[in-house]
Structures are given as C-alpha cells and as structure tokens.
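Residue numbers (this note's numbering), protein chains in the order written: chain A, 673 to 1021; chain B, 38 to 477.
C-beta: ideal position from N, C-alpha, C; glycine also.
No experiment lies behind these values; they were computed from the predicted model shown.
Contents: one structure, followed by commentary.
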Ligand SMILES: [Cu+2]
C-alpha cells in the first residue's frame, strides 16, 4: 500500500515538471491516500485512559485526529483507499466536496430496517476495503469524517483535516490569501463515558448509554491534545509575515477561538472565499464548520489561542482544554527558524 | 366618571414631567466609569436573582466600592492610553483581565499566567494599551476563566470615536440618538454554591439556570439604574426611544452560551461586529450593514446595531388623529372634528406629528374597541390604544404607563432563557418603550 503512495507522489512530481515544461497543456492529476480506520487507547493528561477510534496512513499509527491530507496545488482529483480494522462498518465523507453517494440502509430483519445507517458505501469491519473518489476539488479547508452512524462514530475520533490550496502558499484565487505559514487547528471533544460504553459493548439501544443525546464531554482537544501548561508552542513563522490559521470543528459543540491580543482577517468559511474579509479577534466555530483566518503578527513571541466557550479543562483539572500557543519568531534569528518560511515560499510544505 | 378623568389627568401631568426627566437622563448615556486610568479591584460579593435568591459572585469593582455584576463599564476615548490597575482583594486564586479586540496589551506586575499576568490576593497587575479602534468591547478574566467568568469577572468597555459622543464609530452612518448596553451572561447555581461551601465543582457540566442582561434578570432589568436594593447590580437594561430616533444597541456575549437576542417592533441594522465596522474596505462606510431581528451573539463576540421605529406600516394612525380623544375611545367613530373631505377613508386636516409615517396619517383604527366592562387591564394599559393617548380606566387599573408609550418585549429567542431558576417569566428579557414626542 505504501508503494502506491510513493508511485503517486512520483506521478505528481512528473506532472509538475510536465506542466512547467509544456505550460498550459491540460493534465488531469490526482493524489491517492491509503487510510486505515482502527482503534487505540490514549492516555489523557489527567491520567485517564480512553478508547479512541481514528484514522491513520497505511503503515503508520492510527491517530485522532487522522492525518492532515493535502491535495497538492494543481491536483484536482482525490482518491482515498480505506481499510477498516474496526469492529463496525465505516465510511468516508467530506462535507463541502461533492461526490456520488450510495447510502446504506439497515437490512430486513434488523430492528431498524429501512433506516439510513451510512451516507455512502461502507468498508466492512475486520479489514474490509473501499475506495472513495472526489473530482474537481476546490481550494479550501475541509473536515473529512466517517459517514456511518455519525452520531457515535465522529465523536469516537473518526475525523481529520483536508486542505487544498489554489497556488503555492496561496489559499484561494484571491492573491490577498497568500501566506507564509499555515497551521491546522482542529477542535473536537471526548465524552469518556460514551467511549467506555462503546469499548465494553454497552453503547446502543439495549446498553447502559443508549445515545449521544446526553453528551457531556470532559476532554476538549485541539489537534487531539488537551492543553497542558508548558506544552511546546506551534511555530508560526516570522514576525510581520502572514500566518493562515485553518480552524476546523469536528466536535459536536460550538467553540469560539479567540486570538489573544490580536485581530485577524477571516477570509473564508466552509472552504468558501469571503467576498470581503472581516476583521475579527474570534471565530464562531460551530460543529462541522471550517474557517480560515489570516494573521500578521506585529511582534515576536507567543500568541495564545483559547476557546471563549471556556472549555479550558482537562477532566476536572483547570488550565487545560482548548488552548494552544503559537510561537512567532523574531526577524533575523537562528537559521533554523528561517527554514520553514523559506520552504513554504517555494511551495514545498 | 368625569371626576375620575380629571384626577387621572392631573396625575398624568405630574408623572409626565417626572418621567421625561428620567428618560432624558437614562437615554443619553450608558452609565459607567470614565478613564483613561482605572483602578479596579476583584472581590467576592453577592447578587440577587430575579426570584430574590442571594448568590455568591466574584466581581470587578471600581476601587474600594463593592464588587459588581457585571464589572464597571469602562468608558474611554479613541487614542487614549488606557491604564488598568487590578488589585485582587479576596479572590482565593490569581485573577487577571483580557481585552479581546485590543492589540498589543502590555501586562506588568503580579505573576505570569497561562494567558496573561495575574494578581494573587494583595497583588496588583497593570494592563496598558492604546484605545486605537472605537467600538463595543468585552473584558473578562483570563485566569481560570471557565470558573472566573462563571463567577462574574467580566464587564463592558466602550471606546468612543473622535467623531463625537453621538457616534458609535468614525462614520456618519453610526449616528445614534440614544444608546443601550445589552451585556448577556448566564449563571450555573451549582458552581456558585460549590464555591460558597468549598465543595468540588465541574465546569464542563455547565448548566445555567439564570440568564442576565447587564447583570440583572427580568423583571429587574426594567428597574432604574443604581436602585439601592440591587447594590451589586447597578445597571438596568431599559431601552426607551421616541419615534424616528436611532437607538444604538451594544450587544456583548459575556458568558459561555450564544444568545440570539431578538427585538420586537422592527428589525435592526447591524453596523459592526467585534468592534469593527461592517465595511468592505477602509473608507467604504458601512456598506456591509445587514438587517436582522435576532443576532446570535456568541461568547466573546460583540455587535453594534441601530434600531429605528416610526410606526411605519402599522396601517393605522398610531396617534389616533381625528379619533375622538375627548372621551374614552369607544371605537372607530369619527368625532365632530373628523372630516374626510375627499372620501378616501382617511381623515384630513390634522397636523402631522414629528417623524410620523405619512402614508398612515389619519387612517382610522382598524377594530372597534370593546367597552371597558368587557376588558381586563394590564398594568401598562392607560385606556387608549394610541401613542401618547390616554383614556378612562376603572379605579385601581393600569397606570404604569402614564405617557401612553408603546411597549415591545426584547428578549433572548432561546425562550428557555426567559426564566429565573425555572420560574417564568424572567431571565434575559426586557422591554422597549416607544415614548411619544411630548416635549419638543
Ligand atoms: Cu418574542
């Protein structure tokens, strides 16, 4: 499976060369990812172990959120080969990116016969495989997640971010969306009692927890992590340069990230370029939503991004939850810190 | 009956004089404390829910005054250098202030916290910034905020533009005649009880049972500012305007929930969000202004909106011109002075009122009013359906609305929030009063 990825990456390289040489010749290009859905246990910062379901690249660990999938500039087609190692059927959908869907219904004999179980075709449990394709991918930031029994599967961790830029280091067709550094910030929550019920087979109509209607998350995650004091900041380029913050909410609740001490420009919602950018210090991030915010830090140092919904706890401990620090490097610093923006300028992220 | 009527009128004149003075003060300016230097403290105190329950809070205070809910409204002018000294009097954990929408806030003193510098009991921390952008802003604790904002450590800040006191921003379209603050918050009683009794609490199970406008539950929202029986909840939320005026609403989401604030009577025009004009580009004015009758104010957001009301399209003359106002209104019958010269169903020959909606001028009231003996009377009914009108009331009925104002409920459209600890009505609700132009 890894070989397929490599072959495809080579194709991308050759296609880029071809496009550069022939300039203007239409070439339909695509990228393929081999994803695996599986389960694992994670240790929360307060010492509680929680069963998670997640996605991973073939041959790599399954994580929550799943890997950030990039559709390279110039590519317009996406293929995902999904292998399902979970005990239940799963599938893949990407809200905002249309594709042909073939819904799956509960079958005759099932007490829920006739009801929709999945938005699209499933990969069978225990190693089943299914291929999903998207064409005409538009620029933007998107959430990919399971399309099967979403009320339980999404909050178990079956989600991740997908991004596609219009041009190298330019998010959308508008040149004002150019950036030097981009950062994915994916928000989600975990209700450990629901996860425990799923793990022990007690989730469902005859179980101890019958639905996610009573959903009381106590872990609030950005990119799968609840903040712990002293946590390493995310490099956010160099002072005065543009940072694109890609906000995604894969959780079930609204969160409102605030950029402490800064004002940004909201440039898009749900992968749609806004006709006029909005000056905002916050992003109203409803469940399922994505929003891109451009930030030009005027000073070097840390920038705190915290949830104004105030989900700032880890279990019952304070100073945790949905808080993250970005680090803006000063101008003319150690060469190591120069590397990232330079690399980005060349489009090789 | 004539005697009663005379007494009512005498009372009316007296009350009118009083109410006009009050409305003249209350509508002119949002109460608060003026900067640019503020000496705030953080301290524990007590507030009263709309049902009378006393609740422990942590509030910001102006100097040595009592802690208040919300904290003092900070009034500053554009381009001032704002200095805020915060001293922790008796909050048993470090406290701080963050200023969403302000850029480059410098913090000194105290100790470093996760988001900003914070003060333990006896310590003072100082925040300094330039008020570079006029607008409506929130300030709140940046320390253990899931608890401290719940406990009440938040407030409003208004930066007035260079253009003048009657403008929200440096744009002519942001002109207003009267302005009101709508700072929304909510309270989970269990957490306050746990803090009061030293018990464990879990802010992730947040389940509020009180919802506030400017720190008060309805019906207290409609009491005067600074009433002595609400010593730690000094601010009311009692919007009043006259037809044709522009009423600026400054909406702030200070709690942890989104509240869809909803106006009756008319839509409003949203002119700014997060202290920034709804504008496509600098210099383009408020070209992205949008109309709405609910604004879903999310936690940390602010909106500015201009509400106007003229009685437009009621379809009848709200002043009751040519209706017989010498007697109690008994229906849609022309009096001797009512002349419909051209027979178009609209009575002619009476002067327009200030800002009257012309197409409805003289249009008769569309229904026959019942006789008094067939009515029950709300306290806001003063015997007449017309703005500024008055009529005979049975003894002991009505009388709370001597100016004959029109009254519209303004409230959270999450109707559950119109309760005080499970008792309806209350919560995040007030009324708009449309006052007649009685004094030039
Ligand atoms: Cu209503």
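Proximity winner among the options, relative to residue i (alpha-carbon distances)
i                      : options                    : result
residue 937 of chain A : A:838, A:926, A:915        : A:915
residue 210 of chain B : B:270, B:347, B:432, B:342 : B:342
residue 718 of chain A : A:955, A:813, A:900, A:958 : A:900
residue 791 of chain A : A:821, A:980, A:748        : A:821
residue 707 of chain A : A:783, A:716, A:770, A:818 : A:818
residue 737 of chain A : A:930, A:922, A:903        : A:922
residue 145 of chain B : B:120, B:303, B:199        : B:120
residue 328 of chain B : B:429, B:340, B:318, B:389 : B:340
residue 219 of chain B : B:94, B:443, B:338         : B:338
residue 470 of chain B : B:300, B:324, B:408, B:73  : B:300
residue 896 of chain A : A:828, A:745, A:847        : A:828
residue 933 of chain A : A:867, A:925, A:998        : A:998
Exposed unless 16 or more other CB atoms sit within 10 angstroms - verdict on residue i
i                      : result
residue 421 of chain B : buried
residue 952 of chain A : buried
residue 836 of chain A : buried
residue 872 of chain A : exposed
residue 391 of chain B : exposed
residue 667 of chain A : Summary: the structure shown does not reach residue 667 of chain A, with chain A confined to residues 673 through 1021, and so no result is reported for it.
residue 784 of chain A : exposed
residue 764 of chain A : buried
residue 243 of chain B : buried
Cβ-Cβ distance between residue i and residue j below 7 Å
i                      : j                      : result
residue 991 of chain A : residue 151 of chain B : yes
residue 816 of chain A : residue 766 of chain A : yes
residue 161 of chain B : residue 124 of chain B : yes
residue 858 of chain A : residue 839 of chain A : no
residue 166 of chain B : residue 202 of chain B : no
residue 754 of chain A : residue 795 of chain A : yes
residue 344 of chain B : residue 284 of chain B : yes
residue 183 of chain B : residue 984 of chain A : yes
residue 188 of chain B : residue 94 of chain B  : yes
residue 856 of chain A : residue 740 of chain A : yes
residue 974 of chain A : residue 955 of chain A : no
residue 126 of chain B : residue 78 of chain B  : yes
residue 110 of chain B : residue 193 of chain B : yes
residue 402 of chain B : residue 346 of chain B : no
Residue-level contact to chain B via CB, residue i, 7 Å cutoff
i                       : result
residue 944 of chain A  : no
residue 984 of chain A  : yes
residue 808 of chain A  : no
residue 955 of chain A  : no
residue 981 of chain A  : yes
residue 948 of chain A  : yes
residue 968 of chain A  : no
residue 951 of chain A  : yes
residue 849 of chain A  : no
residue 696 of chain A  : The pLDDT assigned to residue 696 of chain A is 49, lower than 50, so where the model puts this residue is not dependable; a value taken from the coordinates is nonetheless given after this. Not one chain B Cβ lies under 7 Å of residue 696 of chain A.
residue 866 of chain A  : no
residue 1001 of chain A : no
residue 725 of chain A  : no
residue 757 of chain A  : no
residue 927 of chain A  : no
residue 976 of chain A  : yes
residue 663 of chain A  : Since the first and last residues shown for chain A are 673 and 1021, residue 663 of chain A lies out of range.
residue 1024 of chain A : What is shown of chain A runs 673 to 1021, which leaves residue 1024 of chain A out entirely.
residue 990 of chain A  : yes
Chain A contact for residue i (CB, 7 Å cutoff)
i                      : result
residue 162 of chain B : no
residue 241 of chain B : yes
residue 140 of chain B : yes
residue 148 of chain B : no
residue 335 of chain B : yes
residue 476 of chain B : Residue placement at residue 476 of chain B is flagged as unreliable, the pLDDT there being 48, under the threshold of 50; a coordinate-derived value is accordingly withheld.
residue 229 of chain B : no
residue 293 of chain B : yes
residue 367 of chain B : With a pLDDT of 37 at residue 367 of chain B, under the threshold of 50, the modelled position of this residue cannot be trusted; read the value that follows with caution. Not one chain A Cβ lies under 7 Å of residue 367 of chain B.
residue 70 of chain B  : no
Specify whether the region 331-341 of chain B and the region 285-296 of chain B touch according to this definition: at least 3 beta carbon pairs, one from each stretch, less than 8 Å apart.
Between the region 331-341 of chain B and the region 285-296 of chain B, the count of Cβ pairs shorter than 8 Å is three or higher; the stretches touch.
Closer than 8 Å is the cut-off here; do at least three beta carbon pairs connect the region 722-741 of chain A with the region 769-781 of chain A?
The region 722-741 of chain A vs the region 769-781 of chain A: no contact.
Per the contact definition of three or more C-beta pairs closer than 8 Å, is the region 940-959 of chain A in contact with the region 885-895 of chain A?
No contact exists between the region 885-895 of chain A and the region 940-959 of chain A.
Contact between the region 247-265 of chain B and the region 83-95 of chain B: three or more CB pairs below 8 Å?
Taking a contact to require three or more Cβ pairs closer than 8 Å, the region 247-265 of chain B and the region 83-95 of chain B qualify as touching.
Assess contact between the region 239-248 of chain B and the region 264-276 of chain B, defined as three or more Cβ pairs (one per stretch) separated by less than 8 Å. Is contact present?
Taking a cut-off of 8 Å for Cβ pairs, the region 239-248 of chain B and the region 264-276 of chain B do not touch, as fewer than three such pairs fall below it.
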